[in-house]
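K.L.:
Residue numbers (the numbering used here), protein chains in the order written: chain B, 4 to 309; chain Y, 4 to 309; chain E, 4 to 309; chain Z, 4 to 309.
#1: Beta-carbon separation of residue 82/Z and residue 24/Z under 8 Å?
#2: If distances are taken between C-alpha atoms only, which option among 240/B, 14/B, 26/B and 229/B comes closest to residue 181/B?
#3: Quick check: is the beta carbon of residue 271/E nearer than 8 Å to any beta carbon in chain Y?
#4: Rounded to whole angstroms, what's the CA-CA distance from residue 163/Y to residue 189/B? Just pull it up for me.
#5: Compare the C-alpha of residue 1/Y against each of 238/B, 252/B, 139/B and 53/B and name the closest.
#6: What span of residues does the alpha helix (DSSP H) with residue 160/Z cover, start to end?
#7: Taking only runs of the alpha helix (DSSP H) that begin and end inside the segment 238-281 of chain Z, which ones reach a length of at least 4 residues, in chain order?
#8: CB residue 176/Y to CB residue 86/Y, shorter than 8 Å?
#9: In angstroms with no decimal places, state the Cα-to-Cα distance between residue 247/E and residue 15/E.
#10: Quick check on this structure: which residue in 125/E, 76/E and 273/E has the alpha carbon closest to the alpha carbon of residue 191/E?
#11: Could you give the distance in angstroms between the alpha-carbon of residue 201/Y and the alpha-carbon of residue 75/Y?
#12: Check for me: the alpha helix (DSSP H) holding residue 60/E runs from which residue to which?
#13: Looking at the secondary structure, which residues open and close the beta strand (DSSP E) in which residue 130/E lies?
#14: I want to see whether chain E comes within less than 8 Å of residue 198/Y, judged by CB atoms only; does it?
#15: DSSP state of residue 17/Y, grouped into three classes?
#16: Helix, strand or coil: which one does DSSP assign to residue 202/Y?
#17: Where does residue 70/B fall in DSSP's three states?
#18: Between the Cα of residue 117/B and those of 199/B, 165/B and 6/B, spot the shortest distance and give me the residue it belongs to.
#19: So, for residue 114/Z: in the same chain, excluding its five sequence neighbours on each side, which residues have a beta-carbon less than 7 Å away from its beta-carbon?
#20: Would you mind working out which of 278/B, 93/B and 208/B sits nearest residue 193/B, comparing C-alpha positions?
#21: At a cut of 8 Å, does the segment 196-212 of chain B reach the segment 245-262 of chain B through at least three beta carbon pairs?
#22: Can you check which of these residues, 230/E, 5/E and 290/E, is closest to residue 51/E by C-alpha distance?
#23: Can residue 179/E and residue 54/E be called in contact, C-beta distance under 8 Å?
#24: From which residue to which residue does the alpha helix (DSSP H) around residue 228/Z run?
#25: Would residue 62/B and residue 217/B be called neighbours here (beta carbons separated by less than 8 Å)?
#26: Find the nearest neighbour of residue 260/Y within the set 290/E, 137/E, 126/E and 301/E, judged by alpha-carbon distance.
#27: Along the segment 224-255 of chain Z, what residues have a CB closer than 8 Å to any CB found in chain E?
#28: Taking C-alpha atoms, which residue in 294/Z, 275/Z and 155/Z lies nearest to residue 138/Z?
#29: Can you pull out the residues from the segment 205-224 of chain E whose beta carbon lies closer than 8 Å to at least one beta carbon of chain Z?
#30: Closest Cβ-Cβ distance between residue 300/Z and chain B: below 8 Å?
#31: Would DSSP call residue 118/E helix, strand or coil?
#32: Please list, in chain order, all residues of the same chain as residue 304/Y whose beta carbon is under 7 Å from its beta carbon, the five residues on each side excluded.
#33: Short check: CB of residue 36/E to CB of residue 65/E, under 8 Å?
#34: Taking the C-alpha atoms as reference points, what is the distance between residue 184/B and residue 17/B?
#35: Quick one: which chain Y residues come within Cβ less than 8 Å of residue 56/B?
#36: If you compare alpha carbons, which of 161/Y, 95/Y and 134/Y is closest to residue 105/Y?
And the structure:
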C-alpha cells in the first residue's frame, strides 16, 4: 500500500484528488506543496499528489517551480477534478448570521457573485487553504462564522453545508498530478501527455519560435505553455510545456531530443495517460510505423542501395 | 497634480514605485490591485500603479487578468524597482527575541536563506502585503515581533531596521506599470515596449506558432509571453505578449493588425517607453522608411507602372 | 485591332494560342521568343504571346530570363493549350516510306513511344520549332519525309496528316501568356494569378524559407516556383513565383510589399485572370474585408481608443 | 581502369570535365545525356559524366529528369568547370570572311556581345553540341566557316583559334557530376553536398514550406532548388534539392528521413565532396556529437532516469 503525500490538512481538494487517483493509498498530509514534494523526494512518502493548474486561477506556480528547480520527480498520472465550493459552518449556524467568512483567496475570487449576493455585509478573510479554513471554523472559539471549502472538508471537520456549489462557474476544474521519484514510465496508451521544462541556452529573438517548430515539424501538438522567470532579472524566462503523446513515441522522442540539442537544458517531467482520455491524432508521416519505415529506408540509402 | 491609486497601505513597494514614476502625484492607497485599477476606471483616480511581474515570483496574475477582462485601461509607463527586504521591528526589539515574523508569502520565498540562518526557530505567518505586515507589527499589542517589508514601510510605521537587504538574491526586481483610462499614447522614443492580450478564435494545433510568426515575419521581437486560462476548462488559454517597439511603428502596427485579423480578439494594452532604455534593434527591411518606400512602390506597381 | 507578336512561323502552337487569346488580333510572327518580346517592347507590336511552361518540358527558360532581365513587360492574360502532335507529310507520302523526320527536340521527347513503335528505323532530326519543321518539309526538295508538328501547321503548309495525337501523353498542356508594355492591370476577378521575380539582397541560409513565409503568413498560396541562375556563379539564383490572387487584393499587396522590403529586388510581372477559372480560396482573416476592418481598428487603437 | 560514358563527341566541355575528374579513365562518347546515363545503367560503362547546371543557362533539365525518372544512379563526384568559348575555323580562314557560324544555342546566348561586335553580318546556326559544331566545321565541304566551341574541340578536330574567351562573361561555370550504379557512398569529408529528388504525396498549400522546414529545423542549408513538372498537368511539380552535408551526418539523415515520412517519394541521388571545398558550417546543436549525446540522454530519460 503506497504512502502518498499531499497538500493538507485532511479535507482539501487535493485529498479528494488523491482518493480518486489511488483509493487504497495511505495519505500523508503536508503543510504545503513543497513539503509534499519533499516527502516524496526523501522517501518519507512513495509519491505525492499536487495541483498543477486550475481552469480559473491558472498555473500553480509553486508546483511549476518545484518541478523545475527541485530534485527531479516524475509525473505518473493526472486527474481533472471539478471543484465545487460549499459554505460550511458549525451546526446550528444560520446563513443570516454569517458575518465573518474564512477561505483561500482563490475561493474568494471564484465565489465572488455568491458572496456579493448572499453575504453582502460579511468580512471575508484569507486562509492558507480551504481545508485550513474549515478546520479553523470547526474550533469552538473561532472568530469566523463560516468557511468556504470542499464539501469533504465539512464532513471531515464536522461542519454543516449552508449552501453548495456556490462558485460563479459550475465547471471549474483543477488538474492534479501524481509524482514519484525517478522510475520506469507508465506504458504508452495512445492517449498520453508529456510534460517538459526547457531552459534556453541563450535568449535570442525567435528562440520560442524555434522551440515550437521542433514540435510542429514532427506533428506534436502543444496543449499548454507557461513561462516562468529564471530569477536572473525581468525578461529572462524558462518554459513549461505539455504536449500530446508519450516520450516512447518516435515523433515525441525526436522532438524532445531536438529541444535537448538546441536548448540549454531540458528537464523531462513525465509521460502519462491523459485524464480526459482523448486519443492523440497522428498526422500523416509521424506514426511510429512511419518513423520505423523511414529509419530502414535511411539505412539502406546510406549503404548506397537506392 | 494627478491622483494615482496604488496597492496600499502606505509603505508598499508599489508606493515606492509610484513615487519614482510621478513624485508629484497625490497617492490613493487601495486594498488590492483590483481596487486600485477600479479607482482609475471610475475616475476616483486619474490612473493607477500596479505590479506586473517579479523577477523571482513571475507574473502578478491578478494584474494580468484585470487587464484582460476588466474595463480597458492603457499602460503609459513602466518602472523596474529593485526589491530589497528589511527585517523591521518596534524600537528596542532585539533580533534574538524575534519569535513570530509576519510578511507576504512572496517575501517568505525570497528570504528563505536568511530566515533559516538567522531566525531558525521563528514562526513565519503570511500577511496580505508586506506593508500590511509592517502596519500590524507597529501596533502595540501585536502578536508579531517583526515584519519583513520594504525599508520605506518601516519608516512609515515607525519601525527600526534589524537587518537590511535580506533577500536570497540581491538583484530581485519588480516591474510596475502606470495605467490610465484610454487616452492618446506616449510618443515613440525608439526604446519602446508594447503589451497585448490575444484570445484565440479557435484553438487548433499550431495556433501559437501562427501568432509568433505574425511577429517574427515583421521583425518584431517578443520579450514576454504568458498564458492564462480563459476559464472555459483546462487546456483553454489566452496570451499576454510584450514585445519591442511602439504601435505607431509600421512593423508593429502591421503585426498587431495581422493578429487582429487571424485571432479571435486582440486587446491592446499600450505602447510606452522601456524602463531599461534599450534601443530597439531594427532588422533590415522593417524600418518605417522601408515600409513607407514599399508602400509607394506597391502603389506604383498596382497602377501598372513597373 | 491590336497587333500581337508571337513565336513563329505561322503554324506554331503559339500562333494557335494567340488565335484563342485574341481572335481579332493582327499576328506578327517572330523568329524567337526574344524577338517577339522585343517587338512588344519597341512598339512594333502592341503586345506578344509567348510560352511560359509546358506540363512535360517545364519552364521555357528563355521566357523566364527575358521577363527577369529585359525591359519590363506585364502579363495580362494566360492560356492553357493542350498540345497534340501530328505526323505531317507532303501529299502522297506513305508512313512506311518515312525515313527522315524533322521536328523540335521537345516533340521528339514527347513522341518517343510513337517513334519507337511506328518509325523504328527513321532518323529524327532537330528543328528550331515544330512549325519550322513543317515549313521545311513542305518544300519540294526537302531532305525530310515528315514533320512532327501541330495540325494547324500542316494545314498552313499544305501537308497531310499521316497520324494524329501521337504524343506519349494525351494530356500535355502548354501555358502561354499575353504580355504588353506597362499599363493598367486587368481588374481582379476572384480567380486571379500573380507572377513575380525576386532577387535576394544577400544569399543566406533560410532566405527562401523567409520568402515563402511572407506568402504563407498572409494566406497567399504559391502555385509555381522556379529558380534561375543570376549568372554570378553556381549557387546564386533568383526566383520566379506564381501565386493565387491579384496584387489589388490586400493580402497579396502586403505580401509583395513584404518581399520588396526584405529582398534585394522584386519585379512585378502582372496579375491576371487564371485560365483554369479556379476561384481563390480565402483563408480566415485574409479577405479584403478583414484587412479593411483591421486597418480601421488599428487606427482607433493608435489613437488610444481601446 | 574505369570506363566512363559522356556527352560526346570528343572535344565537348563534358569530355574536359571527365578528363579532370578521372584522367586515367577510358572515355566512351555518347550522342546525348540520356545515352551516356544509359551506358552507365546497363554496364556498357562503369559510370558517366554529365552536366547538371550552368551558371548562365541554369539547370540541364534532361539530366534532372533522367535522375528523377530513370533507373537509379548515384552521384559520386562533382566538378566546376570554367567554360571558355573560342571561335574556331579551318586553317587559313580569316575572321573577316566568317559568314556562317555553327554552334550550340547556349553558346549563341553566351557569346551574344562578341557576335554582334565582331560578326555583325554572320548567320549563326544551331548545332546539337559545341563539339559537333567543331566536327562539322572541320569537314572540307562544310557549309560553315567557323564554330564556337571549347578550345579542346579545336585541337581535336584540327581547327585554329580565331578568337578566344569570347563569352560575354569570363566567369561562366558549368557543374558536372560523375554518376554510377548504386554503390557504397564516398566517405564524408566535412565539405560535402547531398542531392535529392522529392515528389509530393499530395500537393497542398504550404507543402514547399513544410519541406524546407524539415531542413531548416535541423540546421541543414539548401544550396539549390529546382522545380520540374511531374507531367500531370500545369501546376504539378516535383523538386530537386542540393544541400550542405552528407547523408551519413546525423542532421542530414534525420532531415531526409523526415522528408521521406511526410512526402510522397524521396529519391536519394548521392552525397559527395563539394567541388568548391567549402567546409560545412554546423549550427549549434546539430553536430554528430550533439545528436549522439541527445540520443543517449533520450534513452536514459525513456528509462525513467531523469
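Every residue gets a Cβ at the ideal spot worked out from N, C-alpha and C, and that includes glycine. Since the model is a prediction, treat every value here as computed from it, not as a measurement.
P.N.:
With the given structure in hand:
#1: Position 79 of the fourth chain, counting from 1, holds the residue named residue 82/Z. Position 21 of the fourth chain, counting from 1, holds the residue named residue 24/Z. It is a contact, given that the beta carbons lie within the stated cut-off.
#2: By 1-based counting over the first chain, the position of residue 181/B is 178. Of the candidates 240/B, 14/B, 26/B and 229/B, the one whose C-alpha sits nearest the C-alpha of residue 181/B is 26/B.
#3: What you label residue 271/E is simply residue 268 of the third chain in a count that begins at 1. Cβ-Cβ to chain Y under 8 Å: yes for residue 271/E.
#4: The count along the second chain starts at 1 and reaches residue 163/Y at position 160. The count along the first chain starts at 1 and reaches residue 189/B at position 186. Straight through space, the alpha carbons of residue 189/B and residue 163/Y are spaced by roughly 56 Å.
#5: Summary: the structure shown does not reach residue 1/Y, with chain Y confined to residues 4 through 309, and so no result is reported for it.
#6: The residue you call residue 160/Z lines up with position 157 of the fourth chain. Segment 154-160, the alpha helix (DSSP H) holding residue 160/Z.
#7: Whole alpha helix (DSSP H) segments, 4+ residues: 253-265.
#8: As a position in the second chain, residue 176/Y is number 173, starting the count at 1. As a position in the second chain, residue 86/Y is number 83, starting the count at 1. Cβ distance < 8 Å, so residue 176/Y and residue 86/Y count as in contact.
#9: Within the third chain, the letter at position 244 stands for residue 247/E. Within the third chain, the letter at position 12 stands for residue 15/E. Taking the straight line from one Cα to the other gives about 29 Å.
#10: Mapped onto the third chain, residue 191/E falls at position 188. Nearest to residue 191/E by C-alpha distance, out of 125/E, 76/E and 273/E, is 273/E.
#11: For the purposes of this step, residue 201/Y is taken as residue 198 along the second chain, with counting starting at 1. For the purposes of this step, residue 75/Y is taken as residue 72 along the second chain, with counting starting at 1. Between residue 201/Y and residue 75/Y, the C-alpha separation is close to 14 Å.
#12: Residue mapping note: residue 60/E aligns to position 57 of the third chain, counting from 1. Looking at the DSSP string, residue 60/E is not in any alpha helix (DSSP H), and its letter there is neither H nor E.
#13: Reading the third chain from its first residue, position 127 is the one you call residue 130/E. Where residue 130/E is concerned, there is no enclosing beta strand (DSSP E), given that its DSSP letter is neither H nor E.
#14: By one-based count along the second chain, residue 198/Y stands at place 195. Residue contact check for residue 198/Y against chain E: no CB pair falls below 8 Å.
#15: Along the second chain, one-based indexing puts residue 17/Y at 14. If DSSP states are grouped into helix, strand and coil, residue 17/Y belongs with the helices.
#16: As a position in the second chain, residue 202/Y is number 199, starting the count at 1. It is a strand residue.
#17: Numbered from its first residue, the first chain carries residue 70/B at position 67. When secondary structure is reduced to three states using DSSP, residue 70/B falls in the helix class.
#18: Position 114 of the first chain holds residue 117/B. A check of alpha carbon separations from residue 117/B across 199/B, 165/B and 6/B identifies 165/B as the nearest.
#19: Locating residue 114/Z in the fourth chain gives position 111, counting from the first residue. Setting aside the 5 residues that flank it on each side, residue 114/Z is surrounded in the same chain by 88, 151, 169, 170 and 171, each with a C-beta closer than 7 Å to its C-beta; the list follows chain order.
#20: Taking the first residue of the first chain as 1, we reach residue 193/B at position 190. Put simply, of 278/B, 93/B and 208/B the residue whose alpha carbon is nearest the alpha carbon of residue 193/B is 278/B.
#21: With the cut-off at 8 Å, the segment 196-212 of chain B and the segment 245-262 of chain B touch.
#22: Translated into the one-based positions of the third chain, residue 51/E becomes position 48. Residue 5/E is the option with its Cα nearest to residue 51/E.
#23: In the third chain, counting from the first residue as 1, residue 179/E sits at position 176. In the third chain, counting from the first residue as 1, residue 54/E sits at position 51. Less than 8 Å separates the beta-carbon of residue 179/E from that of residue 54/E.
#24: Taking the first residue of the fourth chain as 1, we reach residue 228/Z at position 225. No alpha helix (DSSP H) contains residue 228/Z, which is instead part of the beta strand (DSSP E) from 225-232.
#25: As a first step, residue 62/B must be located in the first chain, where it is residue number 59. As a first step, residue 217/B must be located in the first chain, where it is residue number 214. Cβ atoms of residue 62/B and residue 217/B: not closer than 8 Å.
#26: What you label residue 260/Y is simply residue 257 of the second chain in a count that begins at 1. Residue 260/Y has its Cα closest to that of 301/E, out of 290/E, 137/E, 126/E and 301/E.
#27: Listed in sequence order: 224, 225, 226, 227, 228, 229, 230, 231, 232, 234, 235, 236, 237, 238, 239 and 240.
#28: If you number the fourth chain from 1, residue 138/Z lands on position 135. Nearest to residue 138/Z by C-alpha distance, out of 294/Z, 275/Z and 155/Z, is 155/Z.
#29: When C-beta distances to chain Z are compared with 8 Å, the residues of the segment 205-224 of chain E below that value are 208, 209, 211, 212, 215, 216, 219 and 224, in chain order.
#30: For this step, residue 300/Z is matched to residue 297 along the fourth chain. It does: the Cβ of residue 300/Z has a partner Cβ on chain B nearer than 8 Å.
#31: Indexing the third chain from 1 puts residue 118/E at position 115. Helix, per DSSP.
#32: One-based indexing of the second chain puts residue 304/Y at position 301. So the list is empty, once near-sequence residues are dropped.
#33: For the purposes of this step, residue 36/E is taken as residue 33 along the third chain, with counting starting at 1. For the purposes of this step, residue 65/E is taken as residue 62 along the third chain, with counting starting at 1. Yes, Cβ-Cβ distance for residue 36/E and residue 65/E is below 8 Å.
#34: Indexing the first chain from 1 puts residue 184/B at position 181. Indexing the first chain from 1 puts residue 17/B at position 14. Each residue's alpha carbon lies about 19 Å from the other.
#35: Against the first chain, residue 56/B aligns to sequence position 53. Here the neighbours are 232 and 237.
#36: Counting from 1 along the second chain, the entry for residue 105/Y is found at position 102. Of 161/Y, 95/Y and 134/Y, the smallest CA-CA separation from residue 105/Y is found for 134/Y.
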